[in-house]
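Taking my numbering, the leading residue of the sequence shown gets 12, the next gets one more, and so forth.
Beta carbons: idealized from backbone N, C-alpha and C, even for Gly.
Since the model is a prediction, treat every value here as computed from it, not as a measurement.
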Amino acid sequence: VNTTAWVGLTSSSIARTLVDYYLGIPAAKASLNITATTTTTGVGATTATADRTTVIAGEIYSASVYVEAVSTPVTVKMGLRFYNIGGTLISETLNLSPKVVSANNAWTRLSVTGAQVPVGATKMGFVIYSTSTMTAGQVYRIDGVLMEKSSTLGDYFDGSTSLGTTVWTGTAHSSTSTFNMSSSYYV
């Protein structure tokens, strides 16, 4: 996880941590800490403007993320946000019910499926935030964010998986990945 692709929401700070993670190779095992800066709800992060994905109205996407609370359970929602050409948020599709995330090495995969890109949207980003009140200094972590053009949720992948059908778009474990659906590999 690289912090340059993320922005903390109001009353939130973000930082890359090597303390705990769900995915990665030994040299690049990291996750994103999301910390409450005041006692409030809505503590979270979203995709930075420059890192939003280009979309076309009518396309269908699914998304997932692995989440872990650090010391105190937290209830979170996650999903996809859609923006117009001017960068204004026009809609979002969230998981239907908030999920309580346990603490201390209890990573949970959250997901949303079948999110249709609305008319007028040109960019899409990921969002996660707390629906429970977090106290100042309280932390939860995210890792393995996946957004895919599909009505169903697939297995997690990154540029280091899938026998060469996936590639990193930049530095390994610090950039996005793509999956080449036209490749075929037989074992």
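**Request:** Can you tell me the Cβ-Cβ gap for A41 and M145, rounded? I've got them flagged as a contact below 8 Å.
**Result:** Locating residue 41 in the sequence shown gives position 30, counting from the first residue. Locating residue 145 in the sequence shown gives position 134, counting from the first residue. Actually they are not in contact, since the Cβ atoms of A41 and M145 sit about 22 Å apart, beyond 8 Å.
**Prompt:** Are the stretch 123-133 and the stretch 26-34 touching, with three or more C-beta to C-beta distances below 8 Å?
**Reply:** no
**Request:** Classify I153 as buried or exposed, calling it buried when 16 or more other Cβ atoms lie within 10 Å of its own Cβ.
**Result:** For the purposes of this step, residue 153 is taken as the residue at position 142 of the sequence shown. With 16 or more other Cβ atoms within 10 Å, it is buried.
**Item:** S195 in three-state terms, based on DSSP
**Value:** As a first step, residue 195 is located in the sequence shown; it is residue number 184 there, counting from the start. With a pLDDT of only 33 at S195, under 50, the local geometry of the prediction cannot be trusted, and the value read off the model is given with reservation. Three-state DSSP puts S195 in coil, outside helix and strand.
**Item:** CB contact flag (T57, G136, <7 Å)
**Value:** Position 46 of the sequence shown holds residue 57. Position 125 of the sequence shown holds residue 136. Cβ distance < 7 Å, so T57 and G136 count as in contact.
**Item:** C-beta contact flag for A132 and F93 at 7 Å
**Value:** The count along the sequence shown starts at 1 and reaches residue 132 at position 121. The count along the sequence shown starts at 1 and reaches residue 93 at position 82. Yes, the pair counts as a contact, with Cβ atoms nearer than the cut-off.
**C-alpha distance - I25 paired with N44, whole-angstrom precision** = Stepping through the sequence shown from its first residue, residue 25 is reached at position 14. Stepping through the sequence shown from its first residue, residue 44 is reached at position 33. Going from the Cα of I25 to the Cα of N44 covers about 6 Å.
**Prompt:** With burial defined as no fewer than 16 other Cβ atoms inside 10 Å of the residue's Cβ, what is the status of T104: buried or exposed?
**Reply:** Indexing the sequence shown from 1 puts residue 104 at position 93. Label assigned to T104: buried.
**Message:** I believe V112 touches E79 by the beta-carbon criterion, under 8 Å. Please report the beta-carbon distance rounded to the nearest angstrom.
**Reply:** Taking the sequence shown and counting its residues from 1, one reaches residue 112 at position 101. Taking the sequence shown and counting its residues from 1, one reaches residue 79 at position 68. Their Cβ separation, rounded to whole angstroms, is 7 Å, which keeps V112 and E79 in contact under 8 Å.
**Inter-residue Cα distance where the pair is T14 and K134** = Taking the sequence shown and counting its residues from 1, one reaches residue 14 at position 3. Taking the sequence shown and counting its residues from 1, one reaches residue 134 at position 123. Near 20 Å, if we compare the C-alpha coordinates of K134 and T14.
**Asked** Whole alpha helix (DSSP H) runs in the stretch 129-156 with 4 or more residues, listed along the chain?
**Response** none
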